[in-house]
Amino acid sequence: MIDFKNLSGLDKVAILFKTLGANLAVQLFKGMSPAQIQKIRKHMGSINSIPFQVKKAVLEEFYFSFISEKFKPAGEETKKPFEFLQKLTDEQIIYLISTESPRIMALTIAQLEIDRQVKILQNLDPTVQPKVVTEIGHLTDIPLEGVVSIANELKEKSAFLPRASEFSRGGGENLAGILSQMRPRDEKKFLEHLEKEAPDLVEQVKRYYFSFDDMTKLPQDILSDVLKSVEASEVAYALKGKSEEFIDTFVKSLPQRTQIILEDEMQLLEGPQPRRKVEAAQKVIVDKARELEKEGRFKLEDFMEADFIE
Numbered sequence: 004m005i006d007f008k009n010l011s012g013l014d015k016v017a018i019l020f021k022t023l024g025a026n027l028a029v030q031l032f033k034g035m036s037p038a039q040i041q042k043i044r045k046h047m048g049s050i051n052s053i054p055f056q057v058k059k060a061v062l063e064e065f066y067f068s069f070i071s072e073k074f075k076p077a078g079e080e081t082k083k084p085f086e087f088l089q090k091l092t093d094e095q096i097i098y099l100i101s102t103e104s105p106r107i108m109a110l111t112i113a114q115l116e117i118d119r120q121v122k123i124l125q126n127l128d129p130t131v132q133p134k135v136v137t138e139i140g141h142l143t144d145i146p147l148e149g150v151v152s153i154a155n156e157l158k159e160k161s162a163f164l165p166r167a168s169e170f171s172r173g174g175g176e177n178l179a180g181i182l183s184q185m186r187p188r189d190e191k192k193f194l195e196h197l198e199k200e201a202p203d204l205v206e207q208v209k210r211y212y213f214s215f216d217d218m219t220k221l222p223q224d225i226l227s228d229v230l231k232s233v234e235a236s237e238v239a240y241a242l243k244g245k246s247e248e249f250i251d252t253f254v255k256s257l258p259q260r261t262q263i264i265l266e267d268e269m270q271l272l273e274g275p276q277p278r279r280k281v282e283a284a285q286k287v288i289v290d291k292a293r294e295l296e297k298e299g300r301f302k303l304e305d306f307m308e309a310d311f312i313e
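Here's what the structure looks like:
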């Protein structure tokens, strides 16, 4: 039985001639000499019973190769606008084009080697795949200047791609990162939904998830460092509506002079305050804590565990 992987270049061309018909195939290979065409015709006779999957694979390879060749800028061998793609992994390319239109996806994929084209197409959203394949077949009407412009835009965008080792694999840590960018009330709704639908996942999330309510779990010296770079007026807003015990933990972590200033600021905020201002102030403090974590001052998960030993 014929195996596509074991086919030589001559085998593939002969199968292509046989599948398309010699007359059509000759039109596609106008650069061939009569001797080369004769050699292919002769080889066609030695190939029999070609499985459908092999024919399909040969046609796909030829098709992708043909399209890719169409979009290599003529006369610019040393200046290839899509050359930057060669330095990216398949996963990075998928990430790069994931928000682009099917046409730009198609143009980008068409610049790659055949095996990479197939892999990337297979890993696109199934609802997008047919559109991209269709667009690949209609790329010939894009002017060269348009191709170069798209390439330049994608190249600039690729500079901000995470390295392959930095790609998120999902899980609790990833969800915690998403939650940290939400408004507090949205965070609460999302967590409530998770607790109902995926309680096991909630436990993972809580190891990395950090909200303003968790600030009092930090050691006093860390909390003190966090608050050093936050205005007392901001802290006063953030503490609005919190319990006396919670407020007391914050106050104790501040120098005596700052404690007095904070108490004055809190008195100025007596009465209802806009939720958006309170939530914005809380986010500022949480973001400061995360900055210290990134600097290696502490590990968040060390303080988010449920069990401690004295």
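Just so we're on the same page, the numbering used here is the position in the sequence shown counted from 1, plus 3. Where is the CB? At the ideal position from N, CA and C, for every residue including glycine.
{"Item": "Among Leu-230, Lys-158, Glu-94, Gly-274, the one whose alpha carbon lies nearest that of Lys-83", "Value": "Lys-158"}
{"Item": "Cβ-Cβ distance between Ser-161 and Phe-87 below 8 Å", "Value": "yes"}
{"Item": "Span separating the alpha-carbon of Leu-126 from that of Glu-200", "Value": "Per the sequence presented here, residue 126 reads as Asn, with Leu not at that position. Their Cα atoms are separated by approximately 27 Å."}
{"Item": "Nearest candidate by alpha-carbon position, reference Ile-117, set Leu-110, Glu-198, Met-108, Phe-65", "Value": "Phe-65"}
{"Item": "Option in Lys-42, Leu-164, Ile-107 with minimal Cα separation from Gly-140", "Value": "Ile-107"}
{"Item": "Selection from Ser-101, Gly-274, Val-16 that minimises the alpha carbon distance to Leu-164", "Value": "Ser-101"}
{"Item": "Residue nearest to Ile-40 in terms of C-alpha spacing, selected from Ile-5, Leu-115, Lys-21, Ser-52", "Value": "Lys-21"}
{"Item": "Whole-angstrom distance between Gly-180 and Glu-282, CA atom to CA atom", "Value": "17 Å"}
{"Item": "Beta-carbon gap between Ile-43 and Val-16 smaller than 8 Å", "Value": "yes"}
{"Item": "Beta carbon of Val-150 nearer than 8 Å to that of Leu-124", "Value": "no"}
{"Item": "Per-residue burial, Ile-112 [other beta carbons within 10 Å of its own, 16 or more giving buried]", "Value": "buried"}
{"Item": "Same chain only: Cβ atoms within 7 Å of Tyr-98, ignoring 5 sequence neighbours per side", "Value": "Leu-164"}
{"Item": "In chain order, each alpha helix (DSSP H) run of at least 4 residues that lies wholly inside the region 84-166", "Value": "93-100, 105-112, 117-125, 132-139, 147-161"}
{"Item": "Contact under 8 Å by Cβ, Ser-246 with Leu-230", "Value": "no"}
{"Item": "Cβ neighbours of Leu-178 in the same chain (closer than 6 Å, five flanking residues each side left out)", "Value": "Val-208"}
{"Item": "Through-space distance from Pro-129 to Asp-6, alpha-carbon basis", "Value": "28 Å"}
{"Item": "Complete alpha helix (DSSP H) runs within the region 214-256 (minimum length 4 residues, chain order)", "Value": "223-231, 235-241, 247-255"}
{"Item": "Through-space distance from Val-233 to Glu-248, alpha-carbon basis", "Value": "21 Å"}
{"Item": "CA-to-CA distance, Arg-119 to Asn-155, given in whole angstroms", "Value": "21 Å"}
{"Item": "Close beta carbons around Phe-215, own chain, < 8 Å, minus the five adjacent residues each side", "Value": "Pro-187, Ala-241, Gln-285, Lys-286, Ile-288, Val-289"}
{"Item": "Enclosing alpha helix (DSSP H) for Met-47 [first to last residue]", "Value": "37-47"}
{"Item": "Distance, Gln-114 Cα to Thr-81 Cα", "Value": "Confidence at Thr-81 is low in this model, with a pLDDT of 37, below 50, so the placement of that residue should be treated as unreliable; the coordinate-derived value is given next. If I take the Cα positions, the gap works out to 15 Å."}
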